[in-house]
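Numbers in the working numbering are just positions in the sequence shown, counted from 1, shifted up by 74. Right, one structure below, let's go through it.
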Amino acid sequence: MGFKTPISALVLIHTKDLQVLLLERADKAGFWQSVTGSLEEGETPREAAIREVREETGLIATDYNFYDMHASNVYEIYEHWRYRYAPGVTHNTEHLFGLELPAPLPVQLAVDEHLNYEWLDWREAAKKVFSWTNVDALRRLGERHNLTL
75 MGFKTPISAL
85 VLIHTKDLQV
95 LLLERADKAG
105 FWQSVTGSLE
115 EGETPREAAI
125 REVREETGLI
135 ATDYNFYDMH
145 ASNVYEIYEH
155 WRYRYAPGVT
165 HNTEHLFGLE
175 LPAPLPVQLA
185 VDEHLNYEWL
195 DWREAAKKVF
205 SWTNVDALRR
215 LGERHNLTL
């Protein structure tokens, strides 16, 4: 297995009333996040986002209101996860997407990636996620609906 590409997609899965799906990481219990994952060779960020939604939740993103948030963040990769990247790679560019569902739906977790899931109000989700980029994506979601954190 090769090194991960330091370009990823984050997908906020939410309902119209801004209930947001969060997933608890299997490799770091207590770390909650939205769907996220690195691009595979030849993929665009959009393609990676659609693939990651399917892999991590069992949902087909294109069956719902899937959209590009036209934003990205660059962040420093946590030291305990840097071994997954080529030597010297310290930063990742994360592209933001949204997926609006008609209601909170049950999901099928990728058991090797996540332990649990829950649906939370977007403001509560912003308090629970571990990464500042996930908080930023949630802030942007609120702004789309003329709300603030």
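A virtual CB, placed ideally from N, CA and C, is assigned to each residue, including glycine.
Can you name, in chain order, every residue of its own chain whose Cβ lies under 7 Å from the Cβ of Lys90, other than the five neighbours on each side? For Lys90, where only same-chain residues beyond five positions count, the Cβ hits under 7 Å are Glu174.
Pick from Glu168, Val109, Leu86 that is closest to Asn139, judged by C-alpha positions: Ranking the options by Cα distance to Asn139, first place goes to Leu86.
Kindly list the residues whose CB is nearer than 6 Å to the CB of Phe105, restricted to its own chain and excluding five residues on each side of it in sequence; keep chain order. Sequence-distant Cβ neighbours of Phe105 in its own chain, meaning closer than 6 Å and more than five residues away, are Arg99, Phe204.
Going by beta-carbon coordinates alone, are Val148 and Glu117 separated by less than 9 Å? No.
Reducing DSSP to helix, strand and coil, say where Val94 ends up. Residue state, collapsed to three classes: strand.
Option nearest Leu170 by Cα separation, candidates Asp101, Glu129, Gly111: The shortest Cα separation from Leu170 among Asp101, Glu129, Gly111 belongs to Gly111.
Using a 10 Å radius around the Cβ and a threshold of 16 neighbouring Cβ atoms, would you call Asn166 buried or exposed? The residue is buried, with at least 16 neighbouring Cβ atoms inside 10 Å.
Counted within 10 angstroms of its Cβ, other Cβ atoms place Glu126 as buried (16 or more) or exposed: Buried, because 16 or more other Cβ atoms sit within 10 Å of the Cβ of Glu126.
Can you tell which of Glu114, Ser108, Tyr141, Ala135 has the C-alpha that lies nearest to the C-alpha of Trp206? Taking the Cα of Trp206 as reference, the smallest distance to any Cα among Glu114, Ser108, Tyr141, Ala135 is reached at Ser108.
Candidates Val181, His219, Leu215, Asp210, of which the one nearest Gly132 by Cα: Nearest option by C-alpha distance: Val181.
Closest residue to Asp151 among Leu221, Gly216, Ala160 (Cα-Cα distance): The question names Asp, but residue 151 is Ile in the sequence shown. Comparing Cα-Cα distances from Ile151 to each of Leu221, Gly216, Ala160, the minimum goes to Ala160.
Using only CA atoms, which one of Gly172, Ala211, His144 lies nearest to Asp137? Closest in C-alpha terms to Asp137, from the list Gly172, Ala211, His144, comes Gly172.
Simplified DSSP assignment, three categories, for Asp142: DSSP places Asp142 in strand when its eight states are reduced to three.
Return helix, strand or coil for Asn190, following the three-state DSSP convention. Asn190 falls in the strand class under three-state DSSP.
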